[in-house]
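S.K.: Keeping their order, the protein sequence lines are chains A and B.
Mapping the first sequence onto our numbering, position 112 (from 1) lands on 112, and the numbers just tick up by one.
Throughout, our numbering is defined as the position within the second sequence, counted from one, plus 1000.
Glycine is no exception: its CB is placed at the ideal position from the N, C-alpha and C atoms.
Protein chains: 2
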Amino acid sequence: MNGDGIVLDGQGPLHLQIRRAIAGPILSGAWAPGRRIPSEHELVARFGVSRMTVNRALASLAGEGLVERRRRAGTVVAARSAERAVFEIWDIAAEIARAGGVHRADLLARAEEPAGAEEAALLKVEPGTAVLRLVLRHHADGVPVQLEERLVDPAMAPAIRTETFAGITPGRWLLERVPWTEAEHRIGAVEAPAAAARHLGLSRGAACLVVERRTWRGERAITHVRLTSPAGAQVLVGRFGPSAG
Amino acid sequence: MNGDGIVLDGQGPLHLQIRRAIAGPILSGAWAPGRRIPSEHELVARFGVSRMTVNRALASLAGEGLVERRRRAGTVVAARSAERAVFEIWDIAAEIARAGGVHRADLLARAEEPAGAEEAALLKVEPGTAVLRLVLRHHADGVPVQLEERLVDPAMAPAIRTETFAGITPGRWLLERVPWTEAEHRIGAVEAPAAAARHLGLSRGAACLVVERRTWRGERAITHVRLTSPAGAQVLVGRFGPSAG
DNA sequence: CCTACTCTTTTGTCTAGACAATAACCGGCT
DNA sequence: AGCCGGTTATTGTCTAGACAAAAGAGTAGG
């Protein structure tokens, strides 16, 4: 027995089961970049499937840049696996840590209230439905670098009511606990609105990068978040291939 | 003969040839959303390959959201195919057209000169190597909305020397002709630098969205482009799933 | 020590076929 | 028209096997 923890969960097609079994430890960080993944032959023997099925799972991971494959050398966790994930998820705490800084967040506001018209539109709920509103300020090495204004539909994540977000950001908390099917991004620049200017210590009109993200499970929105960062403090970096499959 | 223009180019693996043959017309807009793509059976007969090979190509396109597949109903160009592509490629001409506007671009400058230190660093070439520098201003319905400052390594795309960019943007021209293996994005906000303010008619210090993109073929850079848009004029919109394959 | 060659592992691609699941379609009936 | 059931086209998944290509590993010869 190899004891590397690769186990199929029996849910859905075999190639996706194998994919999940390998992607999981990579995305969670349990398998560091460079770590060798068992060869197709080994996986075939372990799971009792055909090589085409294993190959399909691994080729798909390679296509997304989570693993790198070389003939004879085998398959290893890709060095940039984290960078790809960041582009999709943009967890500022991880980003700051990766740059060698110290992250801290203040919870400036937290309230569960009936949704107004605007909030209802953002979360695609009926006006008057109770929604959770969170405002946080993120610091890198003590300097405020981002204002986070988040709306959450508590019906999609009831456990959030008892969470204090002491050692975890709301974004990561949701990501780890609430399964999602689709995310939507809008990225733009604005001149600092009043709230952002006040909380981040900017002058009115200073240029800011704004990322708005809405996450869905099926037809229902889980959360909407607006992240405002002063110009220069934050850039989004992404890297991808021609997505050749 | 079906005459829908699907032709293999003989370059590389069959499944990628088929993929390109279908992705091309979708990305260029020649095939509108909803258009039916020939069934696997038809493609098998047309290209003389096995169904697994066709399936691999189509499944990969479906995984990226370029096409949608339903049993019995067949494969059609996805409604949001352009949106996904935009997130990766950001062709402003297509973006404006999609929003119902009229796109026009002025070629403000064009020069092939030895690279200075900064240009050499951006393109990862030796200082003094000849590089092509292009500056364009994009308009939507006559209003300037984006400044494009582009460097191209002519060694990677010799035919660019004779191109006038009359009906095509340099970005799309390169995308269609020069194969690439990787792209790198940096997205940020800045207060309008002098050149952008002048060409876009902004006041100094106005907030701008800046996208810098560098495209590679293997170890060599093909092009570096900086796209500057005034706040509000342009947003990047993206949509993706949890990348399940 | 270095080089050239062979051996072997590992991935990359492709084929031919099989069965399953879905859902559009069609015919007959009410 | 509207409903119901069978038919069939289409995609989804999987298998077993084949050959090719890359590249690490070892080996023989200089």
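(1) Give, in chain order, every residue of the stretch 1099 to 1115 of chain B whose Cβ lies closer than 8 Å to some Cβ of chain A.
(2) Interface residues of chain B around residue 58/A at Cβ under 8 Å?
(3) Using a Cβ-Cβ cut-off of less than 9 Å, list which residues of the stretch 1191 to 1206 of chain B approach chain A; keep chain order.
(4) Going along the chain, which residues of its own chain have a beta-carbon closer than 7 Å to the beta-carbon of residue 1207/B, five neighbours each way excluded?
(5) Starting from the beta carbon of residue 189/A, find every residue of chain B whose beta carbon is closer than 7 Å, and list them in chain order.
(6) With a 10 Å radius around its C-beta and 16 neighbouring C-beta atoms as the bar for buried, classify residue 246/A as buried or exposed.
(7) Nearest-angstrom Cα distance between residue 1199/B and residue 1147/B?
(8) Just how far apart, CA to CA, sit residue 108/A and residue 1178/B?
(9) Quick check on residue 1229/B: does DSSP put it in helix, strand or coil?
(10) Closer than 6 Å by C-beta to residue 1228/B: which residues in its own chain qualify, once you throw out the five before and the five after it? Chain order, please.
(11) When you compare only the Cα positions, how much space is there between residue 1180/B and residue 1009/B?
(12) To the nearest angstrom, report how far apart residue 86/A and residue 65/A are at their CA atoms.
(13) Of all the options 1037/B, 1235/B and 1220/B, which has the alpha carbon lying nearest to the alpha carbon of residue 1121/B?
(14) Spatial neighbours of residue 1055/B within its chain, please: CB distance less than 7 Å, with the 5 preceding and 5 following residues excluded, ordered by chain position.
(15) Where residue 254/A and residue 222/A are concerned, what is the direct C-alpha to C-alpha distance, given to the nearest angstrom?
(16) Taking 8 Å as the threshold (beta carbon to beta carbon), is residue 1236/B in contact with chain A?
(17) Less than 7 Å between C-beta atoms, sequence neighbours within five positions excluded: which residues of the same chain meet that for residue 11/A?
(18) Closest to residue 126/A by CA distance: which of 224/A, 157/A, 115/A and 173/A is it?
(19) Restricting to Cα atoms, I'd like to know which of 32/A, 201/A, 157/A and 215/A is closest to residue 132/A.
(20) Using a Cβ-Cβ distance under 8 Å, would residue 1072/B count as near chain A?
(21) Bridge partners of residue 1111/B, per DSSP?
(22) Of all the CB atoms in chain A, is at least one closer than 8 Å to the CB of residue 1186/B?
(23) Quick one: grab the DSSP three-state call for residue 1216/B.
(24) Please tell me whether residue 1060/B and residue 1019/B are closer than 8 Å, where the distance is taken between their beta carbons.
(25) Could you give the DSSP three-state label for residue 95/A: helix, strand or coil?
(26) Hey, residue 36/A and residue 76/A are a contact pair by Cβ (cut 8 Å); roughly how many whole angstroms apart?
(27) Have a look at 1005/B, 1013/B and 1063/B and flag the residue whose alpha-carbon is nearest the alpha-carbon of residue 1038/B.
(28) With 16 other CB atoms within 10 Å as the buried threshold, where does residue 1081/B fall?
M.R.: Well, looking at it:
(1) Cβ contacts with chain A come from no residue of the stretch 1099 to 1115 of chain B.
(2) In the first sequence, the residue the question calls residue 58/A occupies position 58. For residue 58/A, there are no neighbours in chain B by C-beta distance under 8 Å, as the nearest C-beta there is about 11 Å away.
(3) Within the stretch 1191 to 1206 of chain B, the residues whose Cβ lies closer than 9 Å to some Cβ of chain A are 1191, 1192, 1205 and 1206, listed in chain order.
(4) Your numbering for residue 1207/B matches position 207 in the second sequence. 1189, 1191 and 1231.
(5) Here residue 189/A is taken as the residue at index 189 of the first sequence, counted from 1. Within chain B, the residues near residue 189/A are 1189, 1207, 1208, 1209 and 1231.
(6) Any answer about residue 246/A is impossible in this case: the structure gives chain A only from 1 up to 245.
(7) Within the second sequence, numbered from 1, the residue matching residue 1199/B stands at position 199. Within the second sequence, numbered from 1, the residue matching residue 1147/B stands at position 147. Those two C-alpha atoms are separated by around 7 Å.
(8) Within the first sequence, numbered from 1, the residue matching residue 108/A stands at position 108. Within the second sequence, numbered from 1, the residue matching residue 1178/B stands at position 178. If I take the Cα positions, the gap works out to 50 Å.
(9) Stepping through the second sequence from its first residue, residue 1229/B is reached at position 229. Residue 1229/B: strand per DSSP, three-state reduction.
(10) Taking the first residue of the second sequence as 1, we reach residue 1228/B at position 228. So the qualifying residues of the chain are 1147, 1196, 1208 and 1210.
(11) Residue 1180/B sits at position 180 when you count from the first residue of the second sequence. Residue 1009/B sits at position 9 when you count from the first residue of the second sequence. Between the C-alpha atoms of residue 1180/B and residue 1009/B there is a straight-line separation of about 16 Å.
(12) If you number the first sequence from 1, residue 86/A lands on position 86. If you number the first sequence from 1, residue 65/A lands on position 65. Bear in mind that the predicted position of residue 86/A carries a pLDDT of just 49, short of 50, making it unreliable; the figure below should be weighed with that in mind. Looking at the two C-alpha atoms, the distance is approximately 13 Å.
(13) As a first step, residue 1121/B is located in the second sequence; it is residue number 121 there, counting from the start. Per the Cα distances, 1220/B.
(14) One-based indexing of the second sequence puts residue 1055/B at position 55. Take residue 1055/B, set aside five residues on each side of it, and the residues of its chain with a beta-carbon closer than 7 Å to its own are 1040, in chain order.
(15) The question about residue 254/A has no answer, for chain A in this structure spans 1 to 245.
(16) By 1-based counting over the second sequence, the position of residue 1236/B is 236. With its beta carbon less than 8 Å from one in chain A, residue 1236/B belongs to the interface.
(17) Numbered from its first residue, the first sequence carries residue 11/A at position 11. If the five residues before and after residue 11/A are omitted, its C-beta is found closer than 7 Å to the C-beta atoms of 17, all from its own chain and listed in chain order.
(18) For the purposes of this step, residue 126/A is taken as the residue at position 126 of the first sequence. Out of 224/A, 157/A, 115/A and 173/A, 115/A has the C-alpha closest to the C-alpha of residue 126/A.
(19) As a first step, residue 132/A must be located in the first sequence, where it is residue number 132. Of the listed residues, the one whose Cα sits closest to residue 132/A is 157/A.
(20) Working through the second sequence from its first residue, we reach residue 1072/B at position 72. No, its Cβ sits nowhere closer than 8 Å to a Cβ of chain A.
(21) The count along the second sequence starts at 1 and reaches residue 1111/B at position 111. Beta bridge pairing from DSSP links residue 1111/B with 1133/B.
(22) Here the question's residue 1186/B lines up with position 186 in the second sequence. The beta-carbon of residue 1186/B is placed less than 8 Å from the nearest beta-carbon of chain A.
(23) The residue you call residue 1216/B lines up with position 216 of the second sequence. Annotated three-state conformation of residue 1216/B is strand, per DSSP.
(24) Reading the second sequence from its first residue, position 60 is the one you call residue 1060/B. Reading the second sequence from its first residue, position 19 is the one you call residue 1019/B. Yes, they are a contact pair.
(25) Reading the first sequence from its first residue, position 95 is the one you call residue 95/A. Secondary structure at residue 95/A: helix, using DSSP grouped into helix, strand and coil.
(26) The residue given as residue 36/A occupies position 36 in the first sequence. The residue given as residue 76/A occupies position 76 in the first sequence. Between residue 76/A and residue 36/A the Cβ distance is about 5 Å, and since that is below 8 Å, they are a contact.
(27) Along the second sequence, one-based indexing puts residue 1038/B at 38. Looking at the Cα atoms, 1005/B is the closest of the given residues.
(28) Walking along the second sequence from the start, residue 1081/B turns up at place 81. When all chains shown are included, residue 1081/B counts as buried.
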